[in-house]
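Q: Keeping their order, the protein sequence lines are chains S and B.
The opening position of the first sequence corresponds to residue 12 in our numbering, with each subsequent residue numbered one higher.
The opening position of the second sequence corresponds to residue -2 in our numbering, with each subsequent residue numbered one higher.
Using N, Cα and C, we set each Cβ at its ideal position, and we do this for glycine too.
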Amino acid sequence: MLRSGCDVRCAHGVGGTKWRCPAVREERGNFADPGKESVAFRAMTAGLHVRSSLSLTGQVGACICHLGRKTMQQTPHRLMHLFKSGNKQWITFQHLNFLKHMCLMQLNRNLNQQIKPKPESSASLFLEKTSSSQAKTVVHEMRPISLPNLPLSTISNQKELKELETTPEVESLGRVGLESKDEKQWKEMKLQMDDLPGILARLSKIKLTALVVSTASAGFVLAPVPFDLQCFLLASVGTGLASCAANSINQFFEVPFDSNMNRTKNRPLVRGQISPLLAVSFAICCAVPGITLLTWGINPLTGVLGTFNIFLYTCCYTPMKRISIANTWVGALVGAIPPVMGWTAATGSLDAGALLLGGILYSWQFPHFNALSWNLREDYSRGGYCMMSVTHPAMCKRVALRYCLALFGLSVLAPLLKVTTWTFPIISFPINLYISYLGFRFYKDSDRISSRKLFFCSLWHLPLLLLLMLTCKQSFVGGK
Amino acid sequence: MEAGPRGTRMAAVVAAAAASRGGGRLGLLCPPRRGFVLHCRRPGLKRGAEPGDSTQCRASRFSPPNKSCNDWIGPPDRYSNLRPIKFYIPENESPLEQQLRKLRQETQEWNQQYWANQNQTFSKEKEEFIHSRLKARGLGLRDETGKKVALNAEEMADFYKEFLNKNFQKHMYYNRDWYKRNFTITLFMGKVALERIWKKLGFKQVCWCSI
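1. Count Cβ pairs between the stretch 340 to 358 of chain S and the stretch 237 to 255 of chain S that sit closer than 8 angstroms; are there 3 or more?
2. Do we get a CB-CB distance below 9 angstroms when we pair B/P87 with the residues of chain S?
3. Tell whether a beta-carbon distance below 9 angstroms holds between B/K83 and B/P62.
4. Just the Cα atoms here: how many angstroms apart are S/P6 and B/R80?
5. Would you say B/G21 reaches chain S, if we count a Cβ-Cβ gap shorter than 9 angstroms as a contact?
6. Please say whether S/G230 and S/A382 have beta carbons closer to each other than 9 angstroms?
7. Since S/A294 and S/I260 are thought to touch, with beta carbons under 8 angstroms apart, how far apart are those beta carbons, to the nearest angstrom?
8. Do you know offhand how far S/N320's Cα is from S/G249's?
9. If you check the beta carbons only, do S/S374 and S/Y328 fall under 9 angstroms apart?
10. Using 9 angstroms as the limit for Cβ to Cβ distance, is S/M200 near chain B?
11. DSSP puts S/K429 in a beta bridge; with which residues?
12. Less than 9 angstroms between the beta carbons of B/E151 and S/S462, yes or no?
13. Which partner residues does S/K484 have in the DSSP bridge list?
14. For B/G20, collect the residues of the same chain with a Cβ closer than 6 angstroms to its Cβ; drop the 5 residues on either side in sequence, then sort them by chain order.
15. Would you list the residues sitting across from B/K145 in a DSSP beta bridge?
16. Any C-beta of chain B within less than 8 angstroms: which residues of the stretch 246 to 275 of chain S qualify?
17. Can you tell me the Cα-Cα spacing of S/I302 and S/L244, whole angstroms?
18. Does DSSP put S/I285 in a helix, a strand or coil?
19. Note down, in chain order, all residues in the stretch 380 to 391 of chain S with a beta-carbon under 9 angstroms from any beta-carbon belonging to chain B.
20. For the stretch 391 to 404 of chain S against the stretch 425 to 438 of chain S, do three or more pairs of beta-carbon atoms, one drawn from each stretch, fall closer than 8 angstroms, so that the two count as touching?
21. Have a look at S/Y391 and S/S384 and give me their C-alpha separation to the nearest angstrom.
22. Taking 9 angstroms as the threshold (beta carbon to beta carbon), is S/I334 in contact with chain B?
23. In three-state terms, what does DSSP make of S/W385?
24. With a cut-off of 9 angstroms, does the C-beta of B/G199 fall near any C-beta of chain S?
25. Would you report the Cα separation of S/K408 and S/G450, rounded to the nearest angstrom?
26. By Cβ distance below 7 angstroms, which residues in the same chain neighbour B/K145 in space, the five residues on each side in sequence not counted?
27. Consult DSSP for B/W69 and reduce its assignment to one of helix, strand or coil.
28. Using the DSSP secondary-structure output, state which residues sit across from S/E199 in a beta bridge.
29. Considering only residues of the same chain and omitting the five flanking positions on each side of S/I438, which have a CB-CB separation below 6 angstroms?
30. Using only alpha-carbon positions, find the residue among S/S191, S/F268, S/I210 and S/Y448 that is nearest to S/F466.
31. Is the beta carbon of B/Y76 closer than 9 angstroms to that of B/W107?
32. What is the C-beta distance between S/A221 and S/A246, in whole angstroms, given that I count them as a contact (C-beta under 8 angstroms)?
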């Protein structure tokens, strides 16, 4: 029944959602995995790792993952209920067993892909997944959040149930074995134009890009010049395009590595939804207008910074992830550049204020990423990633604490450089103190709990810090 | 279709698929096809491979529908986590298209071998590490309830660090080769796409709708 149904669809060349069903199930299992691979465009985000954004969505994602798994486990029961409720089709016990077997196989398949058995809660699963991005810039590494996929997966699940309900040849269920299940997971590698926007959004890590653009915008607004809306929009669009390009190239480079990490295994190139040629073409189509916009629409300095950042992220950070732990510092730099770009877009020059903003983002990257990577050591090791948390754990903790404390100093520098008023170091003191405290706890305890606390704190710490900066911005007219 | 004198090998064209993937509307007219190729061979049939060699992907009995002119991608392999592809070969496959397809096939096999080996080695060495540590502490593999005893994160960190350092050179070579292959394949894809466009322009100069 199922097989014939799918074959019919296959023969008509309907690749779409029917063939995507197994993948959707996979995605459900990955909700708590915001993406280990923080290959995001660090350059664009001033050191903000996607992780921060991922953390927020990751928490929801963790719940969704858990829900997803429960749904999968409950599916056989639901089917039994459906069949019992007066369905005309002839259902045999064999068919039900097969359906149960299918669901269990799917679950097992998801688990099999994890080398290390993960008995921990889904929340910790989320943390591991999110920390895959070694980059300190969480914002840079926008993992394709599985959260938006949830409605799709639940809808698909319901669709699947409906299909099972209405299939006429129930008796053939018994003949459908593992082979059929495997066959159904094969998909035609044909680009579906309807899905292209979604695919490109995932390819460009659109959420991470959004965070990168927001840090650049913060840099623009904090600059001591009159606000120019046109310039602001050009800077945002240009930065966004550059970020999309960098993220796409990053995914293009990392296909086999992404395949082996739970968070990133559903990326478009990994799943064959888009060809490498198209991914590179898309990256070029984003990079060229993006840099052109920044260079000619704003000023050459911003254009140069954007180009340099794309280069730094794709050609330095990405390969370095498997060469040396220094990749973390490069990644922090990638994250620090976008707010600097925002500032230079507004003022046209690289002032001390720009460097201060970059410095804040740069410092923030370390507690964020180091805490995140602490729980992903196994996957990093297996994937061949050179991360501090794996090879130099003591340094990892030390560096995280060091840069937490550096945030105090940078907050005090802000009024000295006339970026903000003296209110800023005062009102930011509590949150800087809190993250430093968590950094200290992480340094001392070095366990899953302390690392997770530090990571989650970093997620709200940076946006709040930037917001406080904006509210305490020193008026450029002469100060109030 | 899969059974043949040489076993599981079947020819498939990548270029048609690549072009159709890129354009979406290209390749609407499916040239007569010769069949599909498994990107990997059955265990035991490859030169030097032992029967049941898990570094070769499981030979899937999946057969793409006759009408399909595109490649087909399957679920992730159990050992390598990589998704196998069945390549499509049209009858009029050009030399360039054939070169691209062979390169992609060979790269897939190479990748499959590397990652299956990597993941299995990691698992095996991890188990050995856990056993040796537990033995050193005088503990058995399972506790009173029968559950497997696991080491904590700090203890495992020693293993992860050691594994990474031990295999550093191997990882470097893989990275370098992967980048080369990836670039070459993409370059070939570009050439093939241009070749197809050129053919279409050459044969149908006036009919722009076919582009």
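A: By the coordinates alone:
1. The stretch 340 to 358 of chain S is in contact with the stretch 237 to 255 of chain S.
2. Numbered from 1 along the second sequence, position 90 holds the residue referred to as residue 87 of chain B. No, its Cβ sits nowhere closer than 9 angstroms to a Cβ of chain S.
3. For the purposes of this step, residue 83 of chain B is taken as residue 86 along the second sequence, with counting starting at 1. For the purposes of this step, residue 62 of chain B is taken as residue 65 along the second sequence, with counting starting at 1. The answer is no: Cβ separation not under 9 angstroms.
4. Because chain S here runs from 12 to 491, residue 6 of chain S falls outside it and cannot be looked at.
5. As a first step, residue 21 of chain B is located in the second sequence; it is residue number 24 there, counting from the start. Caution is warranted here: a pLDDT of 40 is assigned to B/G21, below 50, making its placement in the model unreliable, and no coordinate value can be reported.
6. Here residue 382 of chain S is taken as the residue at index 371 of the first sequence, counted from 1. Here residue 230 of chain S is taken as the residue at index 219 of the first sequence, counted from 1. No, Cβ-Cβ distance for S/A382 and S/G230 is not below 9 angstroms.
7. For the purposes of this step, residue 294 of chain S is taken as residue 283 along the first sequence, with counting starting at 1. For the purposes of this step, residue 260 of chain S is taken as residue 249 along the first sequence, with counting starting at 1. So it is a contact: roughly 5 angstroms between Cβ atoms.
8. Position 309 of the first sequence, counting from 1, holds the residue named residue 320 of chain S. Position 238 of the first sequence, counting from 1, holds the residue named residue 249 of chain S. In a straight line, the C-alpha of S/N320 is about 13 angstroms away from that of S/G249.
9. Taking the first sequence and counting its residues from 1, the one referred to as residue 374 of chain S is at position 363. Taking the first sequence and counting its residues from 1, the one referred to as residue 328 of chain S is at position 317. Going by C-beta atoms, S/S374 is not nearer than 9 angstroms to S/Y328.
10. Working through the first sequence from its first residue, we reach residue 200 of chain S at position 189. With 9 angstroms as the cut-off, S/M200 counts as an interface residue toward chain B.
11. On the first sequence, residue 429 of chain S is found 418 positions in, with the first residue counted as 1. Answer is none; S/K429 lacks a bridge partner.
12. The residue you call residue 151 of chain B lines up with position 154 of the second sequence. The residue you call residue 462 of chain S lines up with position 451 of the first sequence. It is not a contact, given that the beta carbons lie outside the stated cut-off.
13. By 1-based counting over the first sequence, the position of residue 484 of chain S is 473. Note: S/K484 sits in a beta bridge opposite S/T431.
14. Along the second sequence, read from residue 1 onward, the residue named residue 20 of chain B stands at position 23. Note on B/G20: pLDDT 40, under 50, position unreliable in the model; the coordinate value appears next. Excluding residues within five positions, none has a Cβ falling inside 6 angstroms.
15. The sequence position of residue 145 of chain B within the second sequence is 148, counting from 1. B/K145 pairs with B/R139.
16. F263, F264, V266, P267, S270 and N271
17. Looking up residue 302 of chain S in the first sequence gives position 291. Looking up residue 244 of chain S in the first sequence gives position 233. When rounded, the distance between both Cα atoms is 14 angstroms.
18. Along the first sequence, one-based indexing puts residue 285 of chain S at 274. Looking at S/I285 - three-state DSSP - the assignment turns out to be coil, as it is neither helix nor strand.
19. W385, N386, R388, E389 and Y391
20. no
21. Numbered from 1 along the first sequence, position 380 holds the residue referred to as residue 391 of chain S. Numbered from 1 along the first sequence, position 373 holds the residue referred to as residue 384 of chain S. Their backbone Cα atoms lie some 8 angstroms apart in a straight line.
22. Taking the first residue of the first sequence as 1, we reach residue 334 of chain S at position 323. Yes, because at least one Cβ of chain B sits closer than 9 angstroms to the Cβ of S/I334.
23. By one-based count along the first sequence, residue 385 of chain S stands at place 374. S/W385 falls in the helix class under three-state DSSP.
24. Taking the first residue of the second sequence as position 1, residue 199 of chain B is located at position 202. It does not: the Cβ of B/G199 has no partner Cβ on chain S nearer than 9 angstroms.
25. For the purposes of this step, residue 408 of chain S is identified with residue 397 of the first sequence, where counting begins at 1. For the purposes of this step, residue 450 of chain S is identified with residue 439 of the first sequence, where counting begins at 1. Distance between the alpha carbons of S/K408 and S/G450 is about 8 angstroms.
26. Mapped onto the second sequence, residue 145 of chain B falls at position 148. Closer than 7 angstroms at Cβ, skipping near neighbours: L138 and R139.
27. In the second sequence, the residue the question calls residue 69 of chain B occupies position 72. Strand at B/W69.
28. For the purposes of this step, residue 199 of chain S is identified with residue 188 of the first sequence, where counting begins at 1. Answer is B/W69.
29. Counting from one through the first sequence, the residue named residue 438 of chain S turns up at place 427. Hits under 6 angstroms: L479.
30. Here residue 466 of chain S refers to the residue found at position 455 when the first sequence is read from its first residue. Of S/S191, S/F268, S/I210 and S/Y448, the residue nearest in Cα terms is S/Y448.
31. Here residue 107 of chain B corresponds to residue number 110 of the second sequence, with the count starting at 1. Here residue 76 of chain B corresponds to residue number 79 of the second sequence, with the count starting at 1. Not closer than 9 angstroms, so no.
32. Reading the first sequence from its first residue, position 210 is the one you call residue 221 of chain S. Reading the first sequence from its first residue, position 235 is the one you call residue 246 of chain S. The Cβ separation is near 14 angstroms, so there is no contact.
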